[in-house]
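> I have a structure here, written as structure tokens, and I will follow up with some questions on it.
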Amino acid sequence: MSESPTRTLRVVGIGTGDPEHLTLQAVRALADIDAVFVLDKRAETADLVATRKRICDAHIARPYRLVAVDDPPRERNPADYGATVEAWHAARAERLEAAFAAHLGPGEAGALLVWGDPALYDSTLRILERIAARGRLRLACEVIPGISSVQVLCARHAVPLNAIGGAICITTGRRLAAGWPEGVESVVVMLDGDPTFAGLDPDLTIHWGAYLGAPDEILVAGRLGDVADDIRRLRAEARTRHGWIMDIYLLSRDKSGIPKDKSLGGVQGQGPWQGAALHPPKDSPFGSP
Ligand SMILES: C[S@@+](CC[C@H](N)C(=O)[O-])C[C@H]1O[C@@H](n2cnc3c(N)ncnc32)[C@H](O)[C@@H]1O
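For what it's worth, our numbering labels the leading residue of the sequence shown as 102, then goes sequentially.
Next comes the structure, spelled out in structure tokens:
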């Protein structure tokens, strides 16, 4: 095992795309960075790289290197989900480690910009753990928390995440399909490629949001039984329009967040976020949790 002098890596949560989501801590962490590493998932996410580049240009005060690292391809509907994700993470770790070794000099500081918050359904921290475990490259990692899509969803709808004293579960569409989790009043669902809402109590309250933080953000809230079809229709239309979609929803037993007029909350263009950058032609660019 060869030892190398320490390089610093800052994992910076950047929020959901609105440049104003960056915290003051994130801005400070970027100011003196030497290199920024971006996992360039596929050609269609070139625009996501551009979004990050805009953030860098706005906040990095000196010349820096932008290093796009090719993301290894991943089977979307594998027979063995765990083994597929494991192999994918291993391949990502190898590529990132090689990029750090090649493009970050000893004593320099690099940054990885992570969508939302790095701790929430994102594999970056797990991959850095792998790199550390291999022991070939000495990296001092710092994590700067970011504003997650869960927070933005609640803020846009102006609702609390939890019922008073209630438990919350944050889960995926895949897991929700197995049924309502035990013992919780509120469930946040992320990474749901096709929300059918099948088997759910129609009296639940739903707060749904797509492209949160973007000018073309869409919000819908109401009794699930009343708005489920509208959400599916709006979602399908938006997905066709953009070529892909990212959306999230909060389901709760508490009915207090239902708007009185039950109208669809099509709030659009709220932020200064440069939404034109996020219109890649295929499916959601997000990887696995
Ligand atoms: C891989 S996870 C990344 C989550 C991210 N780390 C966070 O803190 O929000 C991607 C999922 O986050 C949610 N998401 C992220 N950004 C979003 C946005 N701008 N609008 C709606 N949902 C979003 C969606 O459920 C999407 O499938």
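Ideal Cβ placement from N, Cα and C applies to all residues, glycine included.
(1) With a threshold of 6 Å on Cβ separation, who are the neighbours of ALA202 within its own chain once the five nearest residues in sequence on each side are excluded?
(2) What is the C-beta distance between ALA130 and ALA212, in whole angstroms, given that I count them as a contact (C-beta under 8 Å)?
(3) Just the C-alpha distance for THR272 and PRO316, rounded to the nearest angstrom, thanks.
(4) Short of 6 Å in beta carbon distance, which residues of its chain neighbour HIS258, apart from the five on each side in sequence? Order them along the chain.
(5) Can you tell me whether SER249 sits near ligand 1, meaning its C-beta is under 8 Å from at least one heavy atom of the ligand?
(6) Rounded to whole angstroms, what is the Cα-Cα separation between ALA268 and LEU325?
(7) Are ILE332 and GLY247 touching if we call contact CB-CB under 9 Å?
(8) Taking its Cβ as the centre, do 16 or more other Cβ atoms sit within 10 Å of ILE265, making it buried, or is it exposed?
(9) Between the C-alpha atoms of THR107 and GLU230, what's the straight-line distance to the nearest angstrom?
(10) Would you report the Cα separation of GLY388 and LEU214, rounded to the nearest angstrom?
(11) Determine the burial state of LEU125: buried for a count of at least 16 other Cβ atoms within 10 Å of its Cβ, exposed for fewer.
(12) On the three-state DSSP scale, how would you describe ILE224?
(13) Per DSSP, what kind of secondary structure is ILE156 in: helix, strand or coil?
(14) Considering only their Cβ atoms, is the gap separating LEU197 from ILE232 smaller than 9 Å?
(15) Using CA coordinates, which residue listed in ALA311, ARG354 and ALA210 is at the minimum distance from ARG342?
(16) In terms of alpha-carbon separation, which member of ILE346, GLU121 and GLU209 lies closest to CYS242?
(17) Given this structure, state the Cα-to-Cα distance separating ASP330 from PRO296, to the nearest angstrom.
(18) Along the chain, where does the alpha helix (DSSP H) containing SER250 start, and where does it finish?
(19) Report the option in LEU262, ILE346, ALA191 and GLY284 whose CA atom is closest to the CA atom of LYS356.
(20) Exposed or buried, what is GLU318 when buried is set at 16 or more other beta-carbons lying within 10 Å of its beta-carbon?
(21) Quick check: the Cα distance between THR117 and ILE346, rounded to an integer number of angstroms?
(22) Kindly indicate which three-state DSSP category TRP281 falls into: helix, strand or coil?
(23) Cβ of TRP345 within 8 Å of any heavy atom in ligand 1?
According to the data block:
(1) LEU238
(2) 7 Å
(3) 26 Å
(4) HIS308 and ALA322
(5) yes
(6) 20 Å
(7) no
(8) exposed
(9) 15 Å
(10) The pLDDT assigned to GLY388 is 39, lower than 50, so where the model puts this residue is not dependable; a value taken from the coordinates is nonetheless given after this. Approximately 15 Å, taken between the alpha carbons.
(11) exposed
(12) The question names Ile, yet the displayed sequence has Ser at residue 224. Three-state DSSP puts SER224 in coil, outside helix and strand.
(13) helix
(14) yes
(15) ALA311
(16) GLU209
(17) 10 Å
(18) 250 to 258
(19) LEU262
(20) buried
(21) 13 Å
(22) coil
(23) no
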